[in-house]
Amino acid sequence: MKKQIVSILFLATVFLPTSSWALFTVRATYGLLTSKQDLQELCQGSCTAPANAPAIVPTYGTGLDALVKLPLIPFGFGLRYEKQGLSADNSGIEASIDYTRTAILLNYRLIDTIIHFGPIVSYGISHSANATIKESGVSRVDVSPSDITSYSLGLELEVKPLIVIPLIVGAEVGYMGFDWKNSTNIDSTSKSIDMSGTYMKVFLGLDI
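In short: position in the sequence shown from 1, add 16, done, that's our numbering.
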């Protein structure tokens, strides 16, 4: 009977959608974005052999999340910063894409005990980005867009492996819309760049 009571209490602690007492979460992130952008298309009209452009690979990099939450309320809000990039080459064509993104962050924890689970959304408020393509060492594409919009929709899972210590580990997966507008190349051609795609992150932090 005692074992059954202990089991019920444990399951209730882990899975009931009640809110924890944590007021502040800060976490370091490492993530990647699998973009649908075609580098051959980006090279078109600027490279002599655009068909030789490499296939795009995921951007990857580090970031930081900071979230504030009111007691007993499963909503969190804060900021996200991330810096990611990629490099790829094929047949003498080298491509490089880099960006930084600062976004407003909002999450809702359906489960909020020693396990945190629920949806998370972000909306970009500040960006910097650059895309370059070199062909045999000659710069063919060099774009720094003046207008970027971004948002993300995902699900996150956090676990507190040590209940008495506010350490958290977790992961997040979802979709990010990431449109680079007004992208004018060094040869005055206009480039359409859509870095939207699926993303994932792993993180380590403190839930205080």
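Yeah, the Cβ is synthetic: ideal placement off N, Cα and C, and Gly gets one too.
Practice task
Ignore the nearest five residues each way along the sequence and tell me which others in threonine 50's own chain have a CB closer than 8 Å to its CB.
Solution key: Here the question's residue 50 lines up with position 34 in the sequence shown. Excluding sequence neighbours, threonine 50 sits near Pro74, Gly213, Thr214 and Tyr215.
Exercise for the section: Ignore the nearest five residues each way along the sequence and tell me which others in glycine 232's own chain have a CB closer than 6 Å to its CB. Expected result: Because the chain here runs from 17 to 224, residue 232 falls outside it and cannot be looked at.
Exercise for the section: Name, in chain order, the residues that DSSP records as bridge partners for glycine 190. Expected result: One-based indexing of the sequence shown puts residue 190 at position 174. DSSP lists Gly170 and Tyr215 as partners of glycine 190.
Problem - Beta-carbon proximity of glutamate 57 to asparagine 123, cut-off 8 Å - result: For the purposes of this step, residue 57 is taken as the residue at position 41 of the sequence shown. For the purposes of this step, residue 123 is taken as the residue at position 107 of the sequence shown. Not in contact: glutamate 57 and asparagine 123 (Cβ atoms no closer than 8 Å).
Handout entry: Whole-angstrom distance between glutamate 98 and leucine 220, CA atom to CA atom
Key = Position 204 of the sequence shown, counting from 1, holds the residue named residue 220. Position 82 of the sequence shown, counting from 1, holds the residue named residue 98. For leucine 220 and glutamate 98, the distance between alpha carbons rounds to 15 Å.
Exercise for the section: Just confirm the distance between the C-beta atoms of leucine 39 and proline 87, as a whole number of angstroms; I'd bet it's less than 8 Å. Expected result: Locating residue 39 in the sequence shown gives position 23, counting from the first residue. Locating residue 87 in the sequence shown gives position 71, counting from the first residue. With 8 Å as the limit, leucine 39 and proline 87 qualify as a contact, their Cβ atoms being about 7 Å apart.
Practice task
Taking aspartate 105 as the reference, give the member of Lys207, Ser152, Val159 and Lys217 with the closest Cα.
Solution key: Taking the first residue of the sequence shown as position 1, residue 105 is located at position 89. Nearest of Lys207, Ser152, Val159 and Lys217 to aspartate 105, Cα basis: Ser152.
Problem - Three or more C-beta pairs below 8 Å linking the segment 182–192 and the segment 145–159 - result: no
Problem - Rounded Cβ spacing between lysine 217 and tyrosine 46 (contact assumed at less than 8 Å) - result: The residue given as residue 217 occupies position 201 in the sequence shown. The residue given as residue 46 occupies position 30 in the sequence shown. Between tyrosine 46 and lysine 217 the Cβ distance is about 7 Å, and since that is below 8 Å, they are a contact.
Practice task
Name the two residues that bound the continuous beta strand (DSSP E) containing leucine 55.
Solution key: Position 39 of the sequence shown holds residue 55. Taken as a continuous stretch (DSSP letters only), leucine 55 belongs to no beta strand (DSSP E), being part of the alpha helix (DSSP H) at 55–59.
Practice task
Can you give me the Cβ contacts of phenylalanine 31 inside the same chain, cut-off strictly under 7 Å, excluding the 5 residues immediately before and after it?
Solution key: Taking the sequence shown and counting its residues from 1, the one referred to as residue 31 is at position 15. Low confidence applies to phenylalanine 31: its pLDDT is 42, below 50, so where it sits in the model is not reliable, and the reading given next is rough at best. Ile127, listed in sequence order.
Practice task
Have a look at serine 5 and isoleucine 179 and give me their C-alpha separation to the nearest angstrom.
Solution key: Because the chain here runs from 17 to 224, residue 5 falls outside it and cannot be looked at.
Handout entry: Straight-line Cα distance separating leucine 80 from glycine 140
Key = In the sequence shown, counting from the first residue as 1, residue 140 sits at position 124. In the sequence shown, counting from the first residue as 1, residue 80 sits at position 64. Roughly 14 Å between the two C-alpha positions.
Practice task
Check the DSSP bridge columns for threonine 116 and list the partner residues they point to.
Solution key: Against the sequence shown, residue 116 aligns to sequence position 100. Checking the DSSP bridge columns, you'll see threonine 116 partnered with Lys99 and Ser144.
Exercise for the section: Starting from isoleucine 130, trace the beta strand (DSSP E) both ways and give me its first and last residue. Expected result: In the sequence shown, counting from the first residue as 1, residue 130 sits at position 114. First-last for isoleucine 130: undefined, no H or E at that position.
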